[in-house]
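Residue numbers (this note's numbering), protein chains in the order written: chain A, 79 to 453; chain B, 79 to 453.
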């Protein structure tokens, strides 16, 4: 790939342009706001203006509802040999491409899983996509050449390609992104009500749980609208869960009776379903992985000795799982257990042995344990 | 305060003990699991066992539903002159204290706004409460002496006291903590369903929005049950909002018609309510504060010049708000605007002037702006 065009120099478009410019590709930048394109150019993202001959790939970085029209217009003036977009909804742009674009086999949908809280070209970063998944959704008409160009773009941005059908993509992001956004908005909206001093009780948990609600409402309205069928389905499931939860809490609010037990079971069942759902998220460590190694250390029950063990391994980023008072051989001390990935286990054992502690390295954990700890 | 007792050496109890032990207070530790108390003692949190004479203050660090019974038992054996607890629900323990404890005027409810994802004494930290709010909920019977002891505890833990009525506290945490937890559980539960590869589309937003759902379901069941009336009220409001949102998304899923416009208005209205709710959270910077200063820099439209400005100020943790192409005096360049707190403004201006740029420092921003940026 030698030449590229980026249409729409917001956060994502400018970040794409910065990434590929840095790899030697000549990038032409445009935006319906000429100042945004000039800003991106001034950041080193490329050249503001149209190319004089077709580029290898055009990246359409506009809101989902505009992808179809922008694609048709660009193909009408033969801006590029191949086209992709970066919208976070994929079925609707694909439908528009198949029905309206002059050359639907030159288009493949794309969605890089990256973003920032800030928007606009000034927030762009060349490494925004590094290590992130980048979904490509080829239609039955997408040509091999266009698909290869898009794969090359993903590689130039140091991202990881994930190929899906556009409908599967949209069903997935409804659950992983769009409905969480709406839930965060619903929660955040409640903060305007309630007793005085309410938000003095806001902790990190609330900040994290509501942060995504901060996105621009116009852009998000466009995104959510474009994926309305999938979102409506998930919302209905949630609505049904909530319809069971409200009477459960009502029952728990009334003293005494069998209804309380039933309410408590409904409540704890939901909490447990949530915990097991969390375990689905890659990279979220809830419980050990099957490859993990258990390392046990015998620690004498002398003042400060346990604290010394924890301090010794803190640099490894390792936290102890539990400390149990061992009877028998170590009657007067603790057995502290760590569960860590194999590589870390080697270093952990080395550090502990060097400091003079008794260490037992167990075999790998047989199966992942649930993500719960006793209270 | 010279002596203290901590009943329940989990994460919070052990962290309290570590904090006050470090300030010279003698702390006696107990737990229904003797190994947990010994573990806390081995970490340097105090002495495992009961004091021989009443301590100045006993801190009850057990789940909400057990505070009343533990308080009554401890007062029965005159463990301390004053008593407080650290449960995250306050009306129910207060009711139990007033009805069952031998000495209700020696008790004041407390709730430090701090926690970690891990639990148990090994996760404890002496600085867990540093700078955090710590709610105290004196009842009409609480004595001045007991209230003062609790204030001293808060100070020894480097926390910030917030005094509220127990009912107000519970209404507030229903909104700021308990319902967000349930919403995160509802969302996370949905991750077990949906198309294959669903969680390859999980981004940081989803991780943040669902993280709090990971807490132990037994402990959380106890917490939520103890605050069921307040939670049920908030859930009903949410349920009603959701009942409006589902038909809005349904309307948006159908092509054409006036219903679409109405659906879009309902949707964007919810998103906007969420954004304005977020602005209530202290410390979350959505839009400028009224004291903030606007600093404008004129940047020539030469390759790399804009990037050079951003790089020059990056060390100050300052991000540009926008770059607009200025007509007139700076026709061939950009005006870049930063909005920063007064202290940062001084350093920002100094850095930019030293590097030779044209800088204008405006007066303070008159009023907070909404947390939205154009797409």
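Every residue gets a Cβ at the ideal spot worked out from N, C-alpha and C, and that includes glycine.
Contacts of residue i in chain A (Cβ-Cβ under 7 Å)
i	result
residue 168 of chain B	The premise fails here: residue 168 of chain B is roughly 11 Å from chain A at the closest Cβ pair, so nothing lies under 7 Å.
residue 273 of chain B	246, 249 and 250
residue 165 of chain B	Under the 7 Å cutoff, chain A gives no residues; its nearest Cβ is about 12 Å from residue 165 of chain B.
residue 191 of chain B	279 and 281
Backbone secondary structure at residue i - three-state DSSP
i	result
residue 225 of chain B	helix
residue 353 of chain B	helix
residue 413 of chain B	strand
residue 246 of chain B	helix
residue 61 of chain A	Only positions 79 to 453 of chain A appear in this structure, which leaves residue 61 of chain A out of reach.
residue 255 of chain B	helix
residue 108 of chain B	strand
residue 182 of chain B	helix
residue 93 of chain B	helix
residue 364 of chain A	Model confidence at residue 364 of chain A stands at a pLDDT of 45, short of 50, so the residue's coordinates are unreliable and nothing is read from them.
residue 370 of chain A	coil
residue 164 of chain A	coil
residue 307 of chain B	helix
residue 206 of chain A	coil
residue 288 of chain A	helix
residue 379 of chain A	coil
residue 241 of chain A	strand
residue 81 of chain A	strand
residue 439 of chain B	strand
residue 341 of chain B	helix
residue 328 of chain B	helix
residue 407 of chain A	Low per-residue confidence applies at residue 407 of chain A: pLDDT is 48, beneath 50, and the placement is therefore not dependable enough to give any value.
residue 218 of chain A	coil
Alpha helix (DSSP H) segment containing residue i, residue limits
i	result
residue 173 of chain B	169-178
residue 150 of chain B	142-154
Of the listed residues the options, nearest to residue i (C-alpha basis)
i	options	result
residue 331 of chain A	B:349, B:307, B:222 and B:440	B:307
residue 411 of chain B	A:117, A:310 and A:259	A:117
residue 140 of chain A	A:165, A:154, A:121 and A:120	A:165
residue 311 of chain A	A:248, A:293 and A:347	A:248
residue 105 of chain B	B:120, B:173 and B:124	B:124
residue 157 of chain B	B:173, B:169 and B:185	B:185
residue 180 of chain A	A:211, A:189 and A:146	A:146
residue 349 of chain A	B:320, B:325 and B:302	B:302
residue 86 of chain B	B:137, B:101 and B:133	B:137
residue 387 of chain B	B:435, B:149, B:360 and B:112	B:435
residue 402 of chain A	B:172, B:112 and B:81	B:112
residue 512 of chain B	A:309, A:161, A:357 and A:81	Because chain B is modelled from 79 through 453, residue 512 of chain B falls outside the range shown and cannot be assessed.
residue 372 of chain A	A:335, A:425 and A:345	A:425
Start and end residues, beta strand (DSSP E) containing residue i
i	result
residue 295 of chain B	Unbroken run through residue 295 of chain B is the alpha helix (DSSP H), 295-304; no beta strand (DSSP E).
residue 424 of chain B	No beta strand (DSSP E) contains residue 424 of chain B, which is instead part of the alpha helix (DSSP H) from 420-432.
residue 136 of chain B	133-138
residue 214 of chain A	211-215
residue 400 of chain A	400-403
Proximal residues of chain B, C-beta to C-beta of residue i below 9 Å
i	result
residue 412 of chain A	113, 116, 117 and 120
residue 403 of chain A	112, 113, 116 and 117
Proximal chain A residues relative to residue i, where beta-carbon distance stays under 9 Å
i	result
residue 381 of chain B	119, 120 and 122
residue 400 of chain B	117, 198 and 200
Partners in chain B for residue i, counting only beta-carbon separations shorter than 8 Å
i	result
residue 290 of chain A	283, 286 and 287
residue 384 of chain A	117, 120 and 121
Within chain B, the residues that residue i reaches when beta carbons sit closer than 7 Å
i	result
residue 253 of chain A	268, 269, 272 and 276
residue 331 of chain A	306, 307 and 310
residue 92 of chain A	Near residue 92 of chain A there are no residues of chain B at all, since even the closest Cβ is about 11 Å away, more than 7 Å.
residue 440 of chain A	None at all; the shortest Cβ gap to chain B is about 18 Å.
residue 327 of chain A	306, 309, 310 and 313
residue 145 of chain A	In chain order: nothing, as chain B lies at least about 14 Å away.
Chain-ordered neighbours of residue i on chain A, where CB pairs are closer than 8 Å
i	result
residue 436 of chain B	Neighbours of residue 436 of chain B on chain A: none; closest Cβ ~16 Å, over 8 Å.
residue 323 of chain B	260, 264 and 313
_Contacting positions in the region 296-320 of chain B - beta carbon closer than 7 Å to chain A_ = 296, 297, 298, 299, 302, 303, 306, 307, 309, 310, 312, 313, 314, 315, 316, 317, 319 and 320
Proximal residues, the region 255-267 of chain B versus chain A, C-beta separation under 9 Å: 255, 257, 258, 259, 260, 261, 262, 263, 264, 265, 266 and 267
Short-range partners of chain B found in the region 110-136 of chain A, where Cβ spacing is below 7 Å = Listed by position, the residues of the region 110-136 of chain A near chain B (Cβ gap below 7 Å) are 113, 116, 117, 120, 121 and 122.
task = Give, in chain order, every residue of the region 338-360 of chain B whose Cβ lies closer than 7 Å to some Cβ of chain A.
result = 342, 345, 346, 348, 349, 350, 351, 352, 353, 354, 355, 356, 358, 359 and 360
Which residues, in chain order, does the region 233-244 of chain A contribute to contact with chain B at a C-beta distance below 8 Å? The region 233-244 of chain A vs chain B, Cβ under 8 Å: 240 and 242.
> In chain order, what residues of the region 199-219 of chain B put their CB closer than 9 Å to some CB of chain A?
Replying inline: Identification of residues in the region 199-219 of chain B having a C-beta nearer than 9 Å to some C-beta of chain A yields 199, 200, 201, 210, 211 and 213, given in sequence order.
Worksheet item: Along the region 418-435 of chain A, what residues have a CB closer than 8 Å to any CB found in chain B?
Response: none
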